[in-house]
Amino acid sequence: MRTVVCIKQVLQLGDEVEFTDDGLDVDPDYLDPALNEWDSFATEEALQLRERLGGEVVVVTCGPKQSEAALRRCLAMGADRAIRVEGAGRDPFSVARALADVVRGESADLVLCGVQSSDAVQAATGTALAELLDLPRAAVITKLDYSGAGTAVVDRELEGGLVDRVEIDTPAVLTIQTGINQPRYANLRAIKQAEQVEIDVRSAAGGGTPAYRIRKMFVPERGEGAEMIDGSPAEIAARIASIVKERLA
Amino acid sequence: MSVLVIAEHLRGQVRDVTRELITAGRELGPVTVAVIGQEPGSLVDAVNLDGVAEIVTVAIAAGEFENDAFQAAVEALIADRKPRVTLLGFTVNSMGYGPAAAVKLGLGFASDVHGVTLEGDAVIATRSFYGSKVSAELDFPGADGVMLLLRPTVWAPAEGAGGATVASLEVAASPSRARHRELMEATASSDVDITQADFLLSIGRGIGDKENVEMFRELAEKMGATLSVSRPLVDAGWMPASRQVGQSGKTVKPTVYLAFGISGAVQHLAGMKTSGTIIAVNTDPEAAIFNVAQYGAKADLFDVAEELEKLY
Amino acid sequence: METRETFAGLSGWQIGLWYALIVISTSIFAWGVLRLVLKYRRGRGSLPGDRLPHRIARTARIVLTHNWIKRRDGVAGLAHAMIFYGFVVLFIGTGILAFQDDFAKPVLGWDFWQGPFYLGYSLFLDVFGAFLIVGVVILAVKRARKPARLDYTRVDGVASRYERWRYQVGDWVFVGSLLFLGVTGFFLEALRIAETDPSFEKWSPVGWVVGQGLIAIGVDGATASAAHFRDWWVHGIAALTFVAAIPFTKAVHMMSAPTSIATRNDMAGKRLVELPPNPKPEEVGYGVVTDLTPAHLLQLDACTKCGKCHEACPAAASGYPLSPRDLVLDLREQSEGTYGIRGWLTVPPLFASDANLLGNPIRPETVWSCMQCMACVEICPVGIEHVPIINNLRRRLVDRGEMDAQLQTTLETIYDSGNSFGEPKRKRGRWAKELEFEIKDARKEPVDVLWFVGDFASLDPRNIRVTQALARILHHAGVDFGILYEGERNAGNDVRRAGEEGLFVDLAESNIEAISACEFDRILTSDPHSFNTLKNEYPALGGSWDVVHHSQFLLELFESGALTPGRQLGRRVTYHDPCTLGRYNGVYDEPRALIAATGCELVEMQRVRDNSFCCGAGGGRIWMSELKDPDAPRPSESRMHEATALDRVSTFVVCCPKDVTMYEDAVKTSGHEGEIEVRELTELVLESLELEAVRVGAAEPDTEADSA
């Protein structure tokens, strides 16, 4: 049983921001890298499948050299192999094409992605990847029932607290939602030992139209926003209490 | 500039986001609404709203959404009608097929879009990056058509009767590889229904430890509020999903929504921003929730909560 | 001639039998000791044997002065000393006699056991024999009054494999046998004296008095002789049984305790020990009993169940499922049950050799309840290292990912963002930018003092006020200092104590790299946790510098005149010794001197200095979910009750950022709001110097008092 997990190293912005000279991105000095939260759930799900069904877990990412830290985090969690493909654009379709070239060669039973990345929030790469691989797909999965062959039964988490139970042919691509499991801890010993592991680095073939082009990035105008209540906690509490009382009267 | 809106529906009801798509679409050009379903005719009236020029029904075999069926229908619609812009809601269903159709047909694509304008012939979409802290303008050079997934609750739902013509489109049936089996409630409905509450006291990641839930539960009780939570607390197992406010939880509209330690992720805001009066307490002055709240306090949640408790 | 006949009244074959019994008893003893030694050798590594003469001399000093035993219980110290010296003197006395009878006289023809020597010997032995009995009686009476310390009830609610009543019985048998040996010994003497009544035997005063008494009641001559014969064998066999049983009973502490003290690591707990490079999972921490070092295995056997650690432990006192004593005893039972005599007697052994240490009865919650405050290690009279043992159990749990979800999240956060709050790296130096003067970037220019600020002090809003106060004081005193801004990551002290050794090394190495690139004379820290690790643990990883805590540094500034106290504050205050500053590093006096310098009157709490009571945040516990009995007060709340019980004390002074947070919270939750306020030492100094305290974000000018 082979599960391929596509992960992303996301870039997190604090409360200060400066843009690059061309105004098309945030200055990297203001960004801190981390493994995308959804991808740790996807990796954990793959590891649990391996524990039940045996086989191999392969993690793949599309990104620059520094994104290898995210791969090593997954290796430290227990993934068997890691592949990084570099040189692709950053929009979902360019990434999906680069990933597809790698995943095609892996004969995966299941391909797991996170629903979305916390920095771009497109929720598109996984489904685009599925199309390029011509595989059945289901997005926003909170439960996976798979015996290793045939069909799988998955729960899609709809809006409003509803769940859609779906039967899906395999091999398939699934995008994994947070809360599906409890990702295990990757201890530093394992992370350090993962640093010794050779990561397979490939170059993206390129080509194909990007999904979009960024022509400008900026800090949005804030609307008036809330009326801020100042003072000591006691004063704030008193004001809140009076607002509540007035509105509920 | 022709606009194709794909209607989203569930259990025989058209969802609000569809009406929002119509509002967005009619600013760009004549709107065609596509209703894809087993009995699409029954949904026609619900989408015949002011600004809709044409409604196209596509019959499919599946009783509820199936991504292969919708994708085949949308591909056929785009091939037939050749819209400049295809609008979907940024919803769980759309995530399952929208990007697939777009990459296959070579369309421009962007999701979670909260602004769309035209510059001559070019479509300019605005969306956030880096967790809503910055915005970006996107264009789609070289693409014949563009598919946009619009963020729900940004545009007002369209109202008023329209005078749309109704047509139908036949799409060859092909078996779905992911087949709908059943719809279920995620949670037992025995717990309290937060959508019925008049006053919600809502807590988020900012409360820190699981042990602190109790303190806010007590405060809620004293204040006569119902306790609700944001998603992270449900993911961590501290509270049941029935208490979750947000896109994947419940949409609420209480008279008063008092939030402690909630930063205001987009999916959460979507679930509560139409509340009557929103009061937010957070240590981070940049928290997005302050954009939708009427009143805010940048203060320590526990200090304020303690003081509040004394007053009740 | 003043002497007495040894083996009087014994026939030749009986003497032969006696020697045979000695051989048997000694052999059993030797076999028991050998078993123990072999058991210890199964441990990982070897016993420390460096600087052997120094260790031996030091052990001799500690044992002979009873310095460790008499702490916090003078009566027990005195009584034990009486038993100890009684036993030692009697042992030496027997040795002298054996030497005389079995070697000196037959081989060298030298008979010295007579005349004045004999009289002196008799007196000495009698007096010390009496001491022995009096000491035993005192301790027996103490024990009979059922002190809390000797209540063996488990705090973790788990039924022990060995019923605790067996411990009670064992203890009483031990006490009883010592008393029995003492009493039968004296009776032996008395009966002998009653039989022959030589006048010089007044030099054995106790025996002589009892002997006279026996004579008076008609036990003399042949009666006494017969009784003496019986008593001789009773006493003799009892003694030989006692000796043979030493390695298998509580009596073993006579050997294991001094050896434990001799092999003790004085930096145990303060400087934790690194893992081997590239360790395998089974080399990380303690998982099975043979993972323990020989020293730790030995220490388990040195425990006499005195209960001082149990008494001192803040977790045990606050309803956590942890008692250091129970942990040591559980581990000992496992060690004994696998490789000790109990393991040998039962087939199959009570514990398999690969039995997990954690399971039954040691629960993970027990291990996670520890605040790593060192109160147990501090007070243990035999040098047991509970803290490193618990730390090693944690290392294995962490390596296997078996930990509290909140701790896991925090460790991941620390790895990703370098701080426990998840704040972006850029925010670390933000507090400095809010001041009206610039603070040098030590990465870019040389400074005299490199100030390592620490997580809490840099990023927690309440503690930022203290940090800014300290900055203003340093600026006012003209100190040339700088900080590392974003170059600083969490120092790692608590990460290490939580058991994530790999993350500690990662943090330490990156901090060492950042600090090494700077030019400075000394490192200043305002957080005792950072202080401990920078001072004691970074050197082993390549970062060895002169490190000082802000209480020491501020005192230096006062003493050198760079700071002059302005206003005498006149508050009545009490001071809480932080664990990592006090017990870990012996810094008790400087903060007190500072308090005096600000003109405050210090009223000490009951538990001060090395007996300070932990606030509950240490050992990474501040990052973990609650484990204690919900009805029991938190450690910080107990401490607050202790402080508010003092007469008219208005201020609770701390000098650790976590203490600030814990105790301000405790003032409210313990119901003492309004009675007492918490102030950090720096804030008192600031107040006394009359520099305006800065509100975060405001730029207010200094107002300085006229300094003389």
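Here the protein sequences come in this chain order: D, E and P. Each residue of the first sequence is one higher than the one before, counting from 1 in this note's numbering. Each residue of the second sequence is one higher than the one before, counting from 1001 in this note's numbering. Each residue of the third sequence is one higher than the one before, counting from 2001 in this note's numbering. Note that the Cβ used here is the ideal one computed from N, Cα and C, for glycine as well. Being a predicted model, the structure only gives us computed values, none of them experimental.
Taking 8 angstroms as the CB-CB limit, is E:T1255 close to chain D? Output row for E:T1255: interface = yes.
Note down the Cα distance separating P:H2296 from P:V2377, rounded to an integer number of angstroms. Taking the CA atoms as reference points, P:H2296 sits about 12 angstroms from P:V2377.
Can you give the Cα-Cα distance for P:I2362 and E:F1216, rounded to whole angstroms? One C-alpha to the other measures close to 34 angstroms.
Report all residues from its chain with a CB closer than 7 angstroms to the CB of D:V4; omit the five preceding and five following residues, and keep chain order. Counting only residues of its own chain and dropping the five nearest sequence neighbours on each side, D:V4 has a CB closer than 7 angstroms to the CB of V58, V60, V103, E106, A108, V111.
Relative to the C-alpha of D:S203, which candidate in D:A139, D:I83, D:A186 has its C-alpha closest? Among D:A139, D:I83, D:A186, the Cα nearest to that of D:S203 is on D:I83.
Within chain E, the residues that D:I141 reaches when beta carbons sit closer than 7 angstroms: Chain E residues near D:I141: none, gap ~10 angstroms exceeds 7 angstroms.
Would you decide whether P:G2157 is buried or exposed? Buried here means 16 or more other CB atoms lie within 10 Å of its CB. Looking at its Cβ environment, which holds fewer than 16 other Cβ atoms inside 10 Å, P:G2157 is exposed.
P:V2573 and P:R2396 look like a contact to me (Cβ under 8 angstroms); what is the Cβ gap, rounded to whole Å? 43 angstroms between Cβ atoms; not a contact.
Local Cβ density within 10 Å of P:P2578, reported as buried at 16 or more and exposed below that: Buried, since its Cβ has 16 or more Cβ neighbours within 10 Å.
At 3 residues or longer, what runs of the beta strand (DSSP E) sit wholly inside the region 1227 to 1296 of chain E? Counting whole runs of 3 or more residues, the region 1227 to 1296 of chain E contains the beta strand (DSSP E) stretches 1256 to 1260, 1277 to 1282.
Where the alpha helix (DSSP H) through P:Y2019 begins and ends: Secondary structure note for P:Y2019: its alpha helix (DSSP H) is the uninterrupted segment 2012 to 2041.
Residues, ordered as in the chain, of the region 184 to 214 of chain D that lie near chain E by beta-carbon distance below 9 angstroms: From the region 184 to 214 of chain D, only G208, T209, P210, A211, Y212, R213, I214 have a Cβ closer than 9 angstroms to chain E.
Is it a yes or a no for the region 1055 to 1074 of chain E touching the region 215 to 227 of chain D, going by three-plus beta-carbon pairs under 8 angstroms? With a cut-off of 8 angstroms on Cβ pairs, the region 1055 to 1074 of chain E is not in contact with the region 215 to 227 of chain D, counting fewer than three such pairs.
Roughly how many angstroms lie between the CA atoms of P:I2390 and P:V2288, to the nearest whole one? Their backbone Cα atoms lie some 13 angstroms apart in a straight line.
Of all the CB atoms in chain E, is at least one closer than 8 angstroms to the CB of P:K2427? No, P:K2427 does not count as interfacial toward chain E.
Start-to-end residues for the alpha helix (DSSP H) that takes in D:A76: That run of the alpha helix (DSSP H) goes 68 to 77.
Extent of the continuous alpha helix (DSSP H) to which P:Y2167 belongs: That run of the alpha helix (DSSP H) goes 2164 to 2196.
Measuring only between beta-carbons, confirm whether D:A46 sits less than 8 angstroms from chain P. Residue-level contact by beta carbon fails for D:A46 and chain P, as no gap is shorter than 8 angstroms.
By Cβ distance, which residues of its chain are closer than 7 angstroms to P:Y2118, with the 5 residues on each side in sequence left out? Once the five neighbours on either side are set aside, the close Cβ partners of P:Y2118 are E2002, T2003.
Cβ pair E:L1308, D:I240 closer than 8 angstroms: The Cβ atoms of E:L1308 and D:I240 lie closer than 8 angstroms to each other.
List the residues of chain P that E:K1210 touches, going by C-beta distances under 8 angstroms, in chain order. In chain order: Q2406, S2625.
How many angstroms separate the CA atom of E:F1129 from the CA atom of P:G2307? The straight-line gap from Cα to Cα measures roughly 60 angstroms.
Residue range of the beta strand (DSSP E) that P:H1946 falls in? Here chain P has residues from 2001 to 2708 only, and residue 1946 of chain P is not among them.
Pull up the distance between the alpha-carbon of P:G2032 and that of P:F2248, whole angstroms please. Cα atoms of P:G2032 and P:F2248: separation of roughly 7 angstroms, rounded to the nearest angstrom.
P:S2417 versus chain D: which residues are under 7 angstroms apart at the beta carbon? The answer, in chain order, is D32.
Taking the alpha-carbon positions, what's the P:V2608 to P:N2585 distance? Rounded to the nearest angstrom, the two C-alpha atoms are 14 angstroms apart.
Would you please verify whether the beta carbon of D:M228 is less than 8 angstroms from any beta carbon of chain E? For D:M228, the answer is yes, since a Cβ of chain E falls inside 8 angstroms of its Cβ.
Within its chain, find whatever has a CB closer than 8 angstroms to the CB of P:G2170; leave out the 5 residues flanking it on each side and keep chain order. The residues are T2249, K2250.
Is P:K2444 helix, strand or coil by DSSP? Correct three-state label for P:K2444: coil.
Among residues of its own chain, excluding the 5 on either side of P:F2229, which ones have a beta-carbon nearer than 6 angstroms to its beta-carbon? Counting only residues of its own chain and dropping the five nearest sequence neighbours on each side, P:F2229 has a CB closer than 6 angstroms to the CB of G2009.
Can you confirm whether P:G2619, when its beta carbon is compared against all beta carbons of chain D, has any partner nearer than 8 angstroms? Taking Cβ atoms only, chain D never reaches closer than 8 angstroms to P:G2619, which makes this a no.
Is the CB-CB distance between P:A2491 and P:L2507 below 8 angstroms? Less than 8 angstroms separates the beta-carbon of P:A2491 from that of P:L2507.
C-alpha distance - E:I1124 paired with D:A124, whole-angstrom precision: Each residue's alpha carbon lies about 19 angstroms from the other.
Run of the alpha helix (DSSP H) containing E:A1079, from where it starts to where it stops: Where E:A1079 is concerned, the enclosing alpha helix (DSSP H) stretches over 1067 to 1081.
Same chain only: Cβ atoms within 7 angstroms of P:A2698, ignoring 5 sequence neighbours per side: Any reading at P:A2698 is ruled out, since the residue's pLDDT is 36, under 50, leaving its predicted position unreliable.
Option nearest E:R1313 by Cα separation, candidates E:L1077, E:R1015, E:N1282, E:P1232: It is not possible to answer for residue 1313 of chain E, since the shown part of chain E is limited to 1001 through 1312.
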